[in-house]
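Chains as they are written, first to last, in the working numbering: chain A, 8 to 133; chain B, 61 to 426.
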């Protein structure tokens with residue numbers, strides 16, 4: 008299984024992929040490529056809860072600062088802390104090792120209504 | 061309508077990420093800003109800066125005219141020499157910042173910012189009343205390439221150019237690969253280097269020739285992204301960020317480019333000389349963040365819980381790994397190196413230390 012086959016993407020470039028009972032959230036490779044050299048990442052803490060669409064993290068490339076939004080509602084249960092000290096790792100891999108957070112879903116089916124599969128997402132953004 | 065330089069196709073061929081900048085479709089990066097930045101600091105980089113404006117000023121009163129619109133002493137500028145200066149308004153604020161090159165008797169070349177060409181021409185025109193002077197905007201006819209970095213000299217030599225005797229801030233006419241051009245030893249990176257002004261039709265040929273000759277010296281094409289981080293490390297101002305119509309050269313820390321002995325009048329001279337004598341209310345400082353947060357253009361600056369200013373440029377310094385910034389602050393007594401102040405980033409205050417500029421040690425210059 009690869010992330011790209013399984014994941015759903017938001018138009019603001021976050022992906023979400025189901026893993027067991029929970030979901031893994033990160034930034035798409037397209038987003039990472041557009042950002043360029045990533046030099047700063049601010050992630051939430053486990054236990055924080057966010058609604059779909061809320062800012063849960065911040066990323067900065069050499070060029071600019073960007074907010075990262077929750078593609079679905081949920082409670083943060085795990086944070087990829089290793090990225091905070093080495094945010095440049097995101098430029099190499101934003102999936103297997105470069106996911107941002109894992110969440111316990113707290114929304115409803117509507118949360119997925121505007122998310123696209125990778126193929127459609129790529130068509131949308133390119 | 062977004063304009064394209066004559067090198068647009070070369071950038072696309074090289075896989076550049078293109079962005080709109082000052083009305084031009086320009087390469088922001090080819091590979092990675094950090095990588096490109098380091099290439100210029102360690103080897104050499106080639107920039108397309110054809111978006112910049114080229115205005116030729118000539119005529120019986122050319123020297124007198126220019127001397128009446130900038131703080132620098134243009135009457136003291138020697139043939140084939142260049143000078144950095146500002147185009148001031150009545151309040152001492154900046155219409156633009158420029159490099160003026162003396163290329164003949166009563167003949168000058170002015171390189172100005174892409175975003176300011178029209179405003180500059182308008183200001184030249186308003187101020188040229190009564191002067192016998194011809195102002196000729198040739199921006200659309202010329203391409204400008206910048207070759208920058210410690211290996212720039214090696215590459216120019218390999219291209220057959222004789223550098224001997226051409227010091228920093230000078231300009232000569234010369235030929236590379238049979239192409240006639242104006243070659244100045246100037247730049248916007250803090251490194252040694254050259255800027256080459258050529259007719260548009262030769263731009264691609266020269267671009268490829270330089271990349272080819274520079275290969276053994278590790279040359280790379282460099283986008284505007286690295287141009288910005290390079291200039292900021294060297295603490296070179298960017299018009300629109302660090303300079304504008306409401307900022308004087310004294311407030312901007314450019315007093316070194318304002319002669320105190322100038323007797324000729326120019327726009328805003330009274331304001332500028334008053335600031336030299338009595339001090340300024342706001343001034344430009346350099347900052348290094350104490351944590352990993354990056355201060356960006358427009359972020360507020362605080363001291364003792366009071367808002368005292370605003371960040372005008374900020375980025376991670378690829379050379380030092382630290383997060384650096386320029387900011388305008390109230391000219392309080394404490395606003396000197398080593399004082400800790402705060403920058404508001406995402407609704408939280410983050411400590412930053414005031415440091416001397418530039419942010420990197422002075423590079424090998426000639």
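A virtual CB, placed ideally from N, CA and C, is assigned to each residue, including glycine.
- Message: Considering only the alpha carbon of each residue, which of B/414, B/306, B/343, B/423 lies closest to residue 391 of chain B?
- Response: Working through the second chain from its first residue, we reach residue 391 of chain B at position 331. Closest option to residue 391 of chain B, Cα to Cα, is B/343.
- Task: Leaving out five residues on either side along the sequence, give the residues of the same chain with a beta carbon under 8 Å from the beta carbon of residue 69 of chain A.
- Result: Locating residue 69 of chain A in the first chain gives position 62, counting from the first residue. If we look at residue 69 of chain A and ignore the five residues flanking it on each side, its Cβ neighbours are 43, 44, 46.
- Task: Report yes or no: do three or more beta-carbon pairs, one from the stretch 63-82 of chain A and one from the stretch 104-124 of chain A, lie closer than 8 Å?
- Result: yes
- Query: Terminal residues of the continuous alpha helix (DSSP H) containing residue 263 of chain B?
  - Reply: Translated into the one-based positions of the second chain, residue 263 of chain B becomes position 203. Per DSSP, residue 263 of chain B belongs to the alpha helix (DSSP H) from 263-274.
- Message: Pairs of beta-carbons, one from the stretch 402-412 of chain B and one from the stretch 317-329 of chain B, closer than 8 Å: are there three or more?
- Response: no
- Message: At the 8 Å Cβ level, is residue 44 of chain A part of the contact set with chain B, yes or no?
- Response: Along the first chain, read from residue 1 onward, the residue named residue 44 of chain A stands at position 37. At least one chain B Cβ lies under 8 Å of residue 44 of chain A.
- Message: Closer than 8 Å is the cut-off here; do at least three beta carbon pairs connect the stretch 57-68 of chain A with the stretch 357-372 of chain B?
- Response: no
- Does any residue of chain B bring its CB to less than 8 Å from the CB of residue 59 of chain A? Taking the first residue of the first chain as 1, we reach residue 59 of chain A at position 52. Not an interface residue.
- Query: So, helix, strand or coil for residue 239 of chain B, using DSSP?
  - Reply: In the second chain, residue 239 of chain B corresponds to position 179, counting from 1. Note: residue 239 of chain B maps to strand in three-state DSSP.
- Item | residue 134 of chain B versus residue 127 of chain B: straight-line alpha-carbon distance, rounded | To locate residue 134 of chain B, count along the second chain from 1; it is residue 74. To locate residue 127 of chain B, count along the second chain from 1; it is residue 67. Approximately 5 Å, taken between the alpha carbons.
- Task: Give the interface partners of residue 376 of chain B over in chain A, defined as CB-CB distance under 7 Å, in chain order.
- Result: Residue 376 of chain B sits at position 316 when you count from the first residue of the second chain. Neighbours of residue 376 of chain B on chain A, chain order: 46, 69.
- What residue does the alpha helix (DSSP H) around residue 366 of chain B start on, and which one ends it? In the second chain, residue 366 of chain B corresponds to position 306, counting from 1. Unbroken run through residue 366 of chain B is the beta strand (DSSP E), 366-376; no alpha helix (DSSP H).
- Leaving out the 5 sequence neighbours to the left and right, which residues in its chain are closer than 7 Å to residue 20 of chain A when beta-carbon positions are compared? Position 13 of the first chain holds residue 20 of chain A. Closer than 7 Å at the Cβ level, and outside the excluded window around residue 20 of chain A, lie 34, 35, 37, 38.
- Counted within 10 angstroms of its Cβ, other Cβ atoms place residue 297 of chain B as buried (16 or more) or exposed: If you number the second chain from 1, residue 297 of chain B lands on position 237. By the 10 Å Cβ count, residue 297 of chain B comes out buried.
- Give the interface partners of residue 92 of chain B over in chain A, defined as CB-CB distance under 7 Å, in chain order. In the second chain, residue 92 of chain B corresponds to position 32, counting from 1. By Cβ distance, chain A contributes 43, 44.
- Might you give, ordered along the chain, the residues of its own chain that have their beta carbon closer than 7 Å to the beta carbon of residue 312 of chain B, omitting 5 neighbours on each side? On the second chain, position 252 is the one that residue 312 of chain B refers to. Once the five neighbours on either side are set aside, the close Cβ partners of residue 312 of chain B are 297, 302, 303, 344.
- Item | Endpoints, beta strand (DSSP E) assigned at residue 84 of chain B | Translated into positions along the second chain, residue 84 of chain B becomes position 24. Its beta strand (DSSP E) spans residues 84-89.
- Item | CB contact flag (residue 111 of chain B, residue 86 of chain B, <8 Å) | Within the second chain, the letter at position 51 stands for residue 111 of chain B. Within the second chain, the letter at position 26 stands for residue 86 of chain B. In contact: residue 111 of chain B and residue 86 of chain B (Cβ atoms closer than 8 Å).
- Query: Which residues of chain B have a Cβ atom closer than 8 Å to the Cβ of residue 65 of chain A, listed in chain order?
  - Reply: One-based indexing of the first chain puts residue 65 of chain A at position 58. Correct list: 406.
- What distance in whole Å lies between the Cβ atoms of residue 155 of chain B and residue 180 of chain B, which are believed to be in contact at a cut-off of 8 Å? As a position in the second chain, residue 180 of chain B is number 120, starting the count at 1. As a position in the second chain, residue 155 of chain B is number 95, starting the count at 1. Sure, about 6 Å apart at Cβ, within 8 Å.
- List the endpoints of the continuous beta strand (DSSP E) containing residue 62 of chain A. Position 55 of the first chain, counting from 1, holds the residue named residue 62 of chain A. Looking at the DSSP string, the run of the beta strand (DSSP E) that includes residue 62 of chain A is 62-68.
- Item | residue 101 of chain A versus residue 90 of chain A: straight-line alpha-carbon distance, rounded | Position 94 of the first chain, counting from 1, holds the residue named residue 101 of chain A. Position 83 of the first chain, counting from 1, holds the residue named residue 90 of chain A. Residue 101 of chain A and residue 90 of chain A: Cα-Cα distance of roughly 10 Å.
- Task: Mind listing, in chain order, the continuous alpha helix (DSSP H) runs of no fewer than 4 residues lying wholly within the stretch 28-109 of chain A?
- Result: 36-42, 89-92, 96-99
- Message: Please list, in chain order, the chain A residues whose beta carbon lies closer than 9 Å to that of residue 356 of chain B.
- Response: Locating residue 356 of chain B in the second chain gives position 296, counting from the first residue. Chain A residues near residue 356 of chain B: 67, 71, 72.
- Message: Between the stretch 269-276 of chain B and the stretch 211-219 of chain B, can you find at least three pairs of beta-carbon atoms closer than 8 Å?
- Response: The stretch 211-219 of chain B and the stretch 269-276 of chain B touch, with no fewer than 3 CB-CB distances between them shorter than 8 Å.
- Item | Rounded straight-line distance, which links the Cα of residue 121 of chain B to that of residue 223 of chain B | Here residue 223 of chain B refers to the residue found at position 163 when the second chain is read from its first residue. Here residue 121 of chain B refers to the residue found at position 61 when the second chain is read from its first residue. Approximately 32 Å, taken between the alpha carbons.
- Message: Please confirm whether residue 197 of chain B has its beta-carbon closer than 8 Å to some beta-carbon of chain A.
- Response: Position 137 of the second chain holds residue 197 of chain B. With 8 Å as the cut-off, residue 197 of chain B does not count as an interface residue toward chain A.
- Message: For a test of the three-state rule: what should DSSP assign to residue 395 of chain B, helix, strand or coil?
- Response: Stepping through the second chain from its first residue, residue 395 of chain B is reached at position 335. In this structure, residue 395 of chain B counts as coil in the three-state DSSP scheme.
- Message: Since residue 389 of chain B and residue 383 of chain B should fall inside the 8 Å C-beta cutoff, what is the C-beta to C-beta distance between them, to a whole number of angstroms?
- Response: If you number the second chain from 1, residue 389 of chain B lands on position 329. If you number the second chain from 1, residue 383 of chain B lands on position 323. Between residue 383 of chain B and residue 389 of chain B the Cβ distance is about 17 Å, and since that is not below 8 Å, they are no contact.
- Closest by CA to residue 231 of chain B, which one among B/294, B/272, B/280, B/159? Locating residue 231 of chain B in the second chain gives position 171, counting from the first residue. Of the listed residues, the one whose Cα sits closest to residue 231 of chain B is B/159.
- Query: Do residue 106 of chain B and residue 205 of chain B have their C-beta atoms within less than 8 Å of each other?
  - Reply: As a working note, residue 106 of chain B is residue 46 in the second chain. As a working note, residue 205 of chain B is residue 145 in the second chain. Yes, Cβ-Cβ distance for residue 106 of chain B and residue 205 of chain B is below 8 Å.
- Task: Could you tell me whether the stretch 48-67 of chain A touches the stretch 107-114 of chain A, using the rule of 3 or more Cβ pairs below 8 Å?
- Result: yes
- Query: Should residue 105 of chain B be flagged as near chain A, meaning a C-beta pair shorter than 8 Å?
  - Reply: Start at 1 with the first residue of the second chain, and residue 105 of chain B comes out as number 45. Judged by the 8 Å Cβ criterion, residue 105 of chain B is not in contact with chain A.
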